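Inspection log for the structure reproduced underneath, given as structure tokens.
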Amino acid sequence: MGTEHIRNFSIVAHIDHGKSTLADRLLDLTGAVDEREKMDQLLDSMDIERERGITIKASAVTMYHEFQGIRYMLNLIDTPGHVDFHYEVSRALAACEGALLVVDASQGVEAQTVANAYLAVETHNEILPVINKVDLPAAQPDLVAEEIEHIFGISKNHCFQISAKSGLGVADLLEGIITLLPPPKDRSIEPTAALIFDSHCDEYRGVICYVRVFAGSLRTRTKIRLMGSGRTYMVTELGKFMPEMTPVAELGCGEVGYVIANIRQLADVTIGDTITEDSRPAVKALPGYQPPMQMVFSDFYPGNNTDYPKLRAAFEKLTLNDASFSFTPQSSPALGFGFRCGFLGLLHMEIIQERLERENDIDVVQTAPTVSYEVVTTDGVARRIDSPSELPDRTKIEELWEPFVRLEILTGTDTIGGIMKLAEQRRCQMIKTDYLGPTRVMFEYKAPLAEIVYDFYDQLKGISHGYATMDYEFIGFEASDLVKIDILVNKQPVDALSLIIHRSVAETRGRRVLVRLRQAIPRHQFDVPLQVAVGGKIIARETIKAYRKDVTAKLYGGDVTRKMKVLKKQKEGKKRMKSIGQVQIPQEAFMSILDSSDN
65 MGTEHIRNFS IVAHIDHGKS TLADRLLDLT GAVDEREKMD QLLDSMDIER ERGITIKASA
125 VTMYHEFQGI RYMLNLIDTP GHVDFHYEVS RALAACEGAL LVVDASQGVE AQTVANAYLA
185 VETHNEILPV INKVDLPAAQ PDLVAEEIEH IFGISKNHCF QISAKSGLGV ADLLEGIITL
245 LPPPKDRSIE PTAALIFDSH CDEYRGVICY VRVFAGSLRT RTKIRLMGSG RTYMVTELGK
305 FMPEMTPVAE LGCGEVGYVI ANIRQLADVT IGDTITEDSR PAVKALPGYQ PPMQMVFSDF
365 YPGNNTDYPK LRAAFEKLTL NDASFSFTPQ SSPALGFGFR CGFLGLLHME IIQERLEREN
425 DIDVVQTAPT VSYEVVTTDG VARRIDSPSE LPDRTKIEEL WEPFVRLEIL TGTDTIGGIM
485 KLAEQRRCQM IKTDYLGPTR VMFEYKAPLA EIVYDFYDQL KGISHGYATM DYEFIGFEAS
545 DLVKIDILVN KQPVDALSLI IHRSVAETRG RRVLVRLRQA IPRHQFDVPL QVAVGGKIIA
605 RETIKAYRKD VTAKLYGGDV TRKMKVLKKQ KEGKKRMKSI GQVQIPQEAF MSILDSSDN
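With our numbering, the residue at position 495 of the sequence shown is 559, and numbering never jumps.
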């Protein structure tokens, strides 16, 4: 098929604006799915995606549609909407020429709508604005069209008004995809160059690479080379997602499909690498992607009914399908052997934890998530640390640098005061304010990632009655007045409870942590002191009082010295128990230190 009859496009939008439902309607209209195979969220193959109603992994599908007597090939890449999976969206857009920007007719333009639209522009995609859910009672399609015109400069008359659920207007949109989106450039006579935009590992067939062919073509039984690593492989199978994996003999220029070439380990394939023919290689590799930067780190230790080798095997299995997740061995005096894990964000971490428990029947103890910092030592060397326990001695630290993000918040004008107050409490610096209409405003802040990564979004939703949305993008590390606070339980420092926070809030935050720990750690048969130390100096203390066991209950009659003798024996026993006693710290205690609210 000639490239003029191919269209490669993505669907991008904020969470829950109808991307997956629109993909289902396009599959229905093009007849890509049999009636008996139809189901909602067809491209969301993971159980966890269906249950949460979100897309986690980008997925590709090839459809065919006849328009004005000509058969067109439509390659759709469905993308996630959550900010944690921003990286998946950038990879999908790099493999396309066009993007459908879906906006909810009742919600309007949201923070991630803006972020994804700018991402599409950066990757030179033609944007088709689509206003979805126009059949809802609260829909305001004309007002939303004006918002799109104001923010993106796209005429409100060029917006497609549809209902993905009922199918209203989707046929017109399909026609618009064919007539308005550009075809791929015809580079079929050039040496083969195919971009790997995703991959996953199959237990029996090895690594399956998702590719977009930019030049030349790929054929089975051809020797290929991965230009990044220089390794060569023999292609055993080529195919397309229709939406099931369907083998083909050749992938031509401009087409999207998969390659299987006896690649055994996912680590051998780099997302963004270029596949070329070994006998006639491309002159230079296609521009790839920046490697995903993990922003949130947490320690995972084996819980009840789980041992270390079982946890390691489960992590290795997870990395086969998720290249943006990493883990390294870690040991803690309090919790034993475990792993330091890196995630793109808190939702990513939550999903990994849920998959661990669900797919592998594993029980874990998870420490409070932290962000990574950069430390400059007195000898002028800068290095990145992912855990407070990696911090060198304070006498060797010259400067501590923390990650900052560009934060965008969209909200109604009636909640401006509360949101500005919240941002000020979290050390956010206002950059600009933009009124999108009479009732909606967009704030742009420069914010420390550590202050917004945990409960900021929840508090934002509370203040705005659920209407505000946010999106953030990492901009770099900057020097800050940070200190490490150590938590001592029974006079023993627990490194998994340590925190790096701003000096101005160290004491108040430390005291608040102790109050929460006192509530979370169960009482023992001896007093358990809880202390906060900054730089070796104790700044706060709480005590978990011991159980009071009535050892004199069985005594009756006799001299008072008999009672005193039993109480003295109990006191000595408690003293001995305290000297050798281990304090059991439950999972709730590790998570309780994260709550930075005042209540």
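Idealized CB from N, CA, C, for every residue including glycine.
It should be emphasised that the depicted structure is a prediction, and the values quoted were computed from it without experimental measurement.
(request) Output the distance between the C-alpha atoms of N221 and I483, rounded to the nearest integer angstrom. (result) 34 Å
(request) For the region 365–375 and the region 339–349, state whether three or more C-beta atom pairs, one from each stretch, are separated by less than 8 Å. (result) no
(request) Would you check if there are 3 or more beta carbon pairs closer than 8 Å linking the region 492–500 to the region 542–558? (result) no
(message) Alpha carbons only, please: which of H81, S263 and F468 is nearest the one belonging to R24?
(response) Not covered by the structure: residue 24. The range shown for the chain is 65 to 663.
(message) With H, G and I counted as helix, E and B as strand and the rest as coil, what does DSSP make of K548?
(response) strand
(message) Please report the straight-line C-alpha distance between A432 and V234, rounded to a whole angstrom.
(response) 45 Å
(message) Check whether the region 407–427 and the region 358–369 are in contact - that is, three or more C-beta pairs closer than 8 Å.
(response) yes
(message) Is it buried or exposed, K633, if we count other Cβ atoms within 10 angstroms and call 16 or more buried?
(response) exposed
(message) Spatial neighbours of R89 within its chain, please: C-beta separation below 6 Å, excluding the five flanking residues on both sides.
(response) A228, G231 and V234
(request) Specify the secondary structure class of P373 as computed by DSSP and reduced to three states. (result) helix
(request) Measure from the alpha carbon of E571 to the alpha carbon of each residue in R285, I602, G95 and F590, then state which is nearest. (result) I602
(message) Alpha carbons only, please: which of Q176, F507, N554 and V596 is nearest the one belonging to T477?
(response) F507
(request) Compare the C-alpha of Y437 against each of Q430, P345 and A446 and name the closest. (result) A446
(message) Would E319 and M127 qualify as a contact pair, given that the criterion is a beta-carbon distance under 9 Å?
(response) no
(request) For my contact list, I141 and A124 are in at a C-beta cut-off of 8 Å; report their separation, rounded to the angstrom. (result) 5 Å
(message) Three Cβ pairs or more, each shorter than 8 Å: is that satisfied between the region 198–205 and the region 554–564?
(response) no
(request) Can you say whether T533 is buried or exposed, counting buried as having 16 or more other CB atoms within 10 angstroms of its CB? (result) buried
(message) On the DSSP letters alone, give me the boundaries of the alpha helix (DSSP H) that A184 sits inside.
(response) A175 to E186
(request) Pick out whichever of D386, L165 and P366 has its Cα sitting closest to the Cα of F403. (result) P366
(message) Please report the straight-line C-alpha distance between G82 and E418, rounded to a whole angstrom.
(response) 24 Å
(request) Express the C-alpha separation of A325 and Y518 in angstroms, rounding to a whole number. (result) 42 Å
(request) Note the first and the last residue of the continuous beta strand (DSSP E) segment covering P311. (result) M309 to V312
(message) Please return the same chain residues whose Cβ sits closer than 8 Å to the Cβ of R71, not counting the five positions on each side in sequence.
(response) Y136, M137, L138, N139, E161, G162, I241, I242, L245 and P247
(request) Can you grab the Cα-Cα spacing for the pair V333 / E267, in whole Å? (result) 16 Å
(request) Can you tell me which of the three DSSP states Q595 falls into? (result) strand
(request) Round the Cβ separation of L471 and I527 to the nearest angstrom and send it over; I've been treating them as touching at under 8 Å. (result) Actually they do not touch by this definition, with Cβ atoms about 15 Å apart.
(request) Quick one: using the 10 Å Cβ neighbour count with 16 as the cut-off for buried, is V173 buried or exposed? (result) buried
(message) Could you tell me the alpha carbon to alpha carbon distance between W465 and P345, rounded to whole angstroms?
(response) 44 Å
(request) Identify which residue in K629, S84 and T625 has its Cα closest to the Cα of N196. (result) S84
(request) Kindly list the residues whose CB is nearer than 8 Å to the CB of I134, restricted to its own chain and excluding five residues on each side of it in sequence; keep chain order. (result) H69
(request) Report yes if the C-beta distance between C223 and V194 is below 9 Å; otherwise report no. (result) yes
(message) Suppose the cutoff is 8 Å on Cβ atoms and the five residues either side in sequence are ignored; what does the same chain contact list for E537 look like?
(response) H150, A179, V469 and R470
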